[in-house]
Amino acid sequence: MFANADTNKDYFYIQAQDHPYISEPYRAESYAIEFLRKGSIVMQTKLKKIIIHAPAIITLGPSVIRSFTKDSDEILIDIIFFKPQFFLHNQANVFFLAQYEFFENSDMHVFNLEKKNKLKFEQIFSLLRQSLESNSHHQPSILRSYLYILIYELDSFKQISPNESIQNPLFEKFREILFKDFIKHRSVQYYADALNVTRKYLSEVIKNNSGKTASNWIEDIVALEAKVLLQNKELTINQISDILNFPNQSAFGRFFKKCEEISPLEYRRKNI
1 MFANADTNKD YFYIQAQDHP YISEPYRAES YAIEFLRKGS IVMQTKLKKI IIHAPAIITL
61 GPSVIRSFTK DSDEILIDII FFKPQFFLHN QANVFFLAQY EFFENSDMHV FNLEKKNKLK
121 FEQIFSLLRQ SLESNSHHQP SILRSYLYIL IYELDSFKQI SPNESIQNPL FEKFREILFK
181 DFIKHRSVQY YADALNVTRK YLSEVIKNNS GKTASNWIED IVALEAKVLL QNKELTINQI
241 SDILNFPNQS AFGRFFKKCE EISPLEYRRK NI
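Structural data, given as structure tokens:
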């Protein structure tokens, strides 16, 4: 996204009547805080897909694999993008952003707003937009101040809002380990051992909580990562095969075609 904006700046703001993202999964180099004012969109982060209806705030960190599609004809959305090095300027705690799970956790990206909270965020985004329209040499510092306000308000919002996505703790832990270890470990037995349960029991819990088998989860996250990497034209397919820990390019090709019904090369040609 930054490639299409002022690359001399580490932040930028847009207000759009259409969502500015492609529908294929990708990562970004920036953080994003989005205010969906009107309409609805379909968002997938990692393997979680949801429909988001306005009014809502969406928070995304750079490492999150995401994709978006429209769910309604009329959309109005405000987005502030900022790179971590910009936000952390003069910040003693380099892990400040990392402590807020809603940037990285797929179950915490969306804040559905009631009327009073909608008005509050409308005011903050309005002030933020006005600061960016000015030519003040204090603009970066002013913007950081509003970003701090947004982050603190969202954190407070999360503390008092019930967590509607609480699921079986074993399933949650499985996903946590899977997203961390899937490059090196693709056997269900590995995850069962890591969680100190039998393979059969783990498989039953995963199936009951998600409707998918543990093997499906493993295949889906590997295929998702492969699609992101295939959009990087600087990487050869053989290099991607190595990154994903396949024994050779042919094995990677067979796996990808089984999951996506097209070859890695066909996918790349279609999306680059």
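Start counting the sequence shown at 1; every next residue gets the next number (the numbering used here).
Glycine is no exception: its CB is placed at the ideal position from the N, C-alpha and C atoms.
Annotation: the continuous beta strand (DSSP E) that includes Leu60 extends over 56-60. In the same chain as Leu127, and ignoring 5 residues on each side of it, the C-beta atoms closer than 7 Å to its own belong to Tyr146, in chain order. Beta-carbon to beta-carbon, Phe182 and Ile221 are separated by about 5 Å, close enough to satisfy the 8 Å threshold. Given a length threshold of 3 residues, each whole run of the beta strand (DSSP E) inside the stretch 75-148 is given here in chain order: 76-82, 110-112.
Leaving aside the five residues that flank Val94 on each side, the residues in its chain whose CB is nearer than 8 Å to its CB run, in chain order, Leu88. In the structure shown, Arg37 falls within a strand segment according to DSSP collapsed to helix, strand and coil. Non-local beta-carbon contacts of Gln189 in its own chain, meaning distances under 8 Å to residues more than five positions away in sequence, involve Arg199 in chain order. From the listed residues Arg175, Glu74, Pro169, Leu265, the smallest Cα separation to Ser106 is found for Arg175. Here Glu24 really is in contact with Ser67; their C-beta atoms are around 6 Å apart, less than 8 Å.
The beta carbon of Thr213 lies closer than 7 Å to those of Ser203, Ile206, Lys207 in the same chain, with the five residues before and after it left out. In this structure, the alpha-carbon of Ile142 lies about 31 Å from that of Ile22. Taking C-beta separations shorter than 7 Å and ignoring five residues to either side along the sequence, Ala92 has no partners in its chain. Ranked by Cα distance from Gln85, the first of Glu29, Ala226, Asn232, His137 is Glu29. Of the other Cβ atoms in all chains shown, 16 or more fall within 10 Å of the Cβ of Lys46; this residue is therefore buried.
The C-alpha of Gln130 lies about 19 Å from the C-alpha of Gln17. The shortest CA-to-CA distance from Leu76 to any of Phe96, Ile41, Lys49 is the one to Ile41.
For His109, the number of other beta carbons within 10 angstroms of its own is at least 16, and it is reported as buried. Shown here, Arg66 sits in a strand according to DSSP, grouped into three states. In the DSSP assignment, Lys48 falls within the unbroken beta strand (DSSP E) covering 48-53. By the neighbour-count definition (other C-beta atoms within 10 Å, threshold 16), Pro169 is an exposed residue.
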